[in-house]
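Comments concern the structure below.
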Amino acid sequence: MTSIGIVYYSMYGATYELAQAIADGVEKGGGTAHLRKVPDPLLPDEVKESDGVRESIAAQDEVTTATVDELPEFDGIVFGSPTRFGSATSQLQSFFDQTGPLWANGSLLGKSAGFFTGASTAHGGHESTILTMSTYAFHHGMVIVPVGYAVAGGVQSTRSGGGPYGPTQLGDGEGLTDEEREIAVDYGVHFAQVTEKLAA
Ligand SMILES: Cc1cc2nc3c(=O)[nH]c(=O)nc-3n(C[C@H](O)[C@H](O)[C@H](O)COP(=O)(O)O)c2cc1C
């Protein structure tokens, strides 16, 4: 059974919701999903205790914290981050930056990679965040698995998040729409199936 890491950062919980939907899809597709939140050591206490963040941190309390050393144990990894100014958060970028030793050893070479994000505005960064995050996979020699249009039917019709580049959510704490969830689950299934072939 393929082992798939879903490594994400989420301040207000929307990216976490997407991560959970992708994990559901991975399990449906025959893989084992490992949810991992990246550490956030620099977040000031007043932000941690502010409305929305406090509840989100509590909701993710049970999620295991990601470690760089664990990444090579996964057959494939899906990375997620909210959009910040059209790109990924410093929290996920900082985690990426710590994987230099894995890059030097080629530890992630040939593994599958995927990316997901969320943004509060329709044209505020869904595509740019995924595309800029994806340079990570190029440098590690990972095989990028996108959503495409064929896998999830909802990509053709969604008026919220979810596109061919990766699962996304649109909004500010309203929760995933049915289409966003469907695309994320279908993507998880697809990611697990492609990873199984790659790992064979
Ligand atoms: C500092 C900051 C920068 C942001 N930049 C963008 C942006 O460029 N475009 C956008 O549409 N939303 C932007 N947002 C909104 C978040 O991307 C959005 O609320 C996201 O869904 C939150 O994900 P989370 O609930 O997992 O933390 C920004 C939010 C913050 C706090």
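Position 114, counted from 1, in the sequence shown is what the working numbering calls 122; the numbers after and before it change by one each time, with no gaps. All residues carry an ideal CB built from backbone N, CA and C; glycine is no exception. Given the structure is predicted, the values throughout are model-derived calculations rather than measurements.
When T140, L184 and R92 are compared against G21, the one with the closest alpha-carbon: L184
For K45, tell me which candidate among Q101, F93, E57 and S58 has the shortest Cα-Cα distance. Q101
Paired residues, beta bridge with Y16 - DSSP: K45 and G88
Could you tell me which residues DSSP puts in a beta bridge with T176? T125
DSSP three-state assignment for H102, whether helix, strand or coil: Sequence inspection shows Ser at residue 102; the His mentioned does not correspond to that position. Three-state DSSP puts S102 in a helix.
Could you check the C-alpha separation between T125 and P90 for me, to the nearest Å? 5 Å
Short check: CB of A74 to CB of V155, under 8 Å? no
Would you call the CB atoms of E188 and G171 closer than 8 Å? no
Cβ contact check for the stretch 124–138 and the stretch 98–113: 3 or more pairs under 8 Å: no
For ligand 1, is there a heavy atom less than 7 Å away from the beta-carbon of D180? yes
Quick check: the Cα distance between P175 and D53, rounded to an integer number of angstroms? 31 Å
Out of V153, A29, P109 and Y157, state which residue places its alpha-carbon closest to the alpha-carbon of I85. V153
Span separating the alpha-carbon of D48 from that of A127: 19 Å
Alpha carbon to alpha carbon, how far is T10 from D69? Give it in angstroms, no decimals. 25 Å
Per-residue DSSP class, three states only, for S209: Because residue 209 is not part of the residues shown, which for the chain are 9 to 208, the question remains open.
On a CA-only basis, which of G94, M19 and F82 is nearest A50? Give me that one, please. In the sequence as presented, Ala is not what sits at residue 50; that position holds Leu. When each option's Cα is compared against that of L50, the closest is M19.
F199 - containing alpha helix (DSSP H), residue span: D186 to A207
Supposed close pair G132, G88 - CB separation, criterion 8 Å: Not a contact, Cβ separation roughly 16 Å.
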